[in-house]
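For the first sequence, full-length UniProt numbering assigns the number 1 to the initial residue and increments by one for each residue that follows. Idealized CB from N, CA, C, for every residue including glycine. What follows is a set of notes on a single structure, which appears directly below.
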Amino acid sequence: MEYRAPRGTRDILPPESEGWDIILSKLTVRAEEYGYKKVIFPTFEHTELFKRGIGEDTDIVQKEMYTFQDRKGRWLTLRPEGTASLARLFVEKGIDKFNGVSKYYYFGSMFRYERPQSGRYREFYHFGVEALGSDSPYLDVELISLCKDTVESFAIKDYLIYINSIGCSECRSQYILKLGGLLKQVIAYYCEDCRRRVTTNTLRVLDCKIDKHRNAELPILSDNLCPSCSQHYDEVKKGLQTLNINWQENPNLVRGLDYYNRTVFELVTPYLGESTSILGGGRYDQLISCLGGKETPGVGFALGFDRLYQVVYSNNPDFLNSPRKGVYISSPETGLWDKVFRITFDLRNRGLKAECNYQNRSLKSQVKTADKDNYEFFLTIFQKDMVLKNLTTGEEKVYENEEEEKVLVLLSGKGDMS
RNA sequence: GUGGGCGUAGCUCAACGGUUAGAGCAUUGGACUGUGGAUCCAGAGGUUGGGGGUUCGAAUCCCCUCGCUCACCCCA
């Protein structure tokens, strides 16, 4: 095979592409009900934006970005996530000067150079939702609630919302010092990865699958928050309770991007292998000021669209089934193709889904095609009359040539088959 | 970046180192000269991912390479 889609990318064909539209429109409708508005931003940005926003030491920036120089030598990077771009446009357009709360959502492909595996691609899709301008814990709750509503609107019952607070930069760094000190005494018993992590990413040690059991004695971050972070976290939990949202505290939940602080959350499902997260997010109160804007708190999440699709599909493959629609027009006589052609376009102009075929194939195979492609009607044009067949019921009726207008009106939805 | 599994028809997969590489589904035609969802018959469809080696003989064994896939790392 000469040409293939590059590694980690893929083509989305019908009926999957139709499923994408169904899911996307649900997400959009839900976000808009919550008062969020759509933004579209570039697929690539100046590399510096991501280095600043996401953090120079994160895995994303260190080894996963698609970075290149354009013809003028500018360093550009295909976006590995959306929050940095959103923050950039927020500052660039001066929205930080506005004192209200700004609520946006976006959808688009993201790019990360990783080894593909189940539910993970090099080009993948995020549906992101962000609220800027308030540090109110209610806003954190609102976003988590939107996550819950979204997932439930796809009839997914088996899911879990994890929450945690990673505090602000002050209480977090104090905790890390404390944790690091304690771990130093026992790290020899830990796995190889943890011995490395203890210096590079201390918090990750807590999340290790192998050494999980060893961590019971260690202090947890959410117990070591400063008073104001602690109060914020309590209010988030209170708000979740008010809305009857089930959550589970996960002291080991740590996000991999530097801009997060305080509330972080993740929604996991058991559908894709062993509990995979399909969305993750949190608060980022320093990001806007870090990018040169007026200090503006923010909170948001990104949903892995591809993963959501997989979950929705494995939960209910029938969601792709749609009712029969439109009409397929054909004639066994090549001399009548002109008429077939004319009627097809006439029906299209009347707003009906209409299709015909100019291949010289048997009538039988054409009906087969129409059936397979989920058409509702099959109209056969003969020399002396025409036959309209309802492909759902199998019922059919003969019409005289003079009744053509009647058939067209009927098909475009203004009559029944009488 | 590390480690496992796998590449045979459009798809899912057979074929102990031994005739001309098969089957199901899908596709095309026919039985049914003007009709789908069922059945039967027939046709078309392949450089066994690519290259090299071992052998009288390779889809099968060995090496290289490309690709896919799963897991780790990390993330959505």
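Item, Value
"List the whole-angstrom C-beta distance separating residue 236 from residue 129, where the pair is believed to meet the contact cut-off of C-beta under 8 Å.", "About 17 Å separates the two Cβ atoms, so there is no contact after all."
"Is residue 250 near residue 164, with beta carbons less than 8 Å apart?", "yes"
"Specify, as a first and last residue, the run of the alpha helix (DSSP H) that residue 30 falls within.", "16 to 33"
"Assess contact between the segment 346 to 359 and the segment 313 to 329, defined as three or more Cβ pairs (one per stretch) separated by less than 8 Å. Is contact present?", "yes"
"For residue 181, does the count of other Cβ atoms within 10 angstroms reach 16, so buried, or fall short, so exposed?", "exposed"
"On the criterion of 16 or more Cβ atoms from any shown chain inside 10 Å, does residue 112 qualify as buried, or is it exposed?", "buried"
"When the Cβ atoms of the segment 180 to 195 are set against those of the segment 293 to 304, are three or more pairs found closer than 8 Å?", "no"
"For residue 314 and residue 92, I'd like the C-alpha separation in whole angstroms.", "42 Å"
"Assign residue 62 to one of two classes, buried (16 or more other C-beta atoms within 10 Å of its C-beta) or exposed (fewer than that).", "exposed"
"Give the C-beta separation of residue 261 and residue 284 to the nearest angstrom, bearing in mind that I take them to be a contact with Cβ-Cβ under 8 Å.", "7 Å"
"Give the list of continuous alpha helix (DSSP H) stretches no shorter than 4 residues that lie fully inside the segment 271 to 311.", "287 to 290"
"Suppose you measure from the CA of residue 77 to the CA of residue 23; what does that come to, to the nearest Å?", "28 Å"
"Let me confirm a value: residue 173 is counted as buried when at least 16 other C-beta atoms fall within 10 Å, else exposed. Which label applies?", "exposed"
"Considering residue 102, what are the terminal residues of the beta strand (DSSP E) in which it resides?", "102 to 111"
"Can you grab the Cα-Cα spacing for the pair residue 118 / residue 193, in whole Å?", "23 Å"
"From this set, 40, 123, 207, which residue's C-alpha is nearest residue 255's C-alpha?", "207"
"Under 8 Å between the Cβ atoms of residue 377 and residue 390?", "yes"
"From which residue to which residue does the alpha helix (DSSP H) around residue 183 run?", "169 to 186"
"Report the residue from 222, 374, 57 whose alpha carbon sits nearest the alpha carbon of residue 14.", "374"
"Taking only the alpha-carbon atoms, compute the straight-line gap between residue 257 and residue 58 and give it to the nearest angstrom.", "6 Å"
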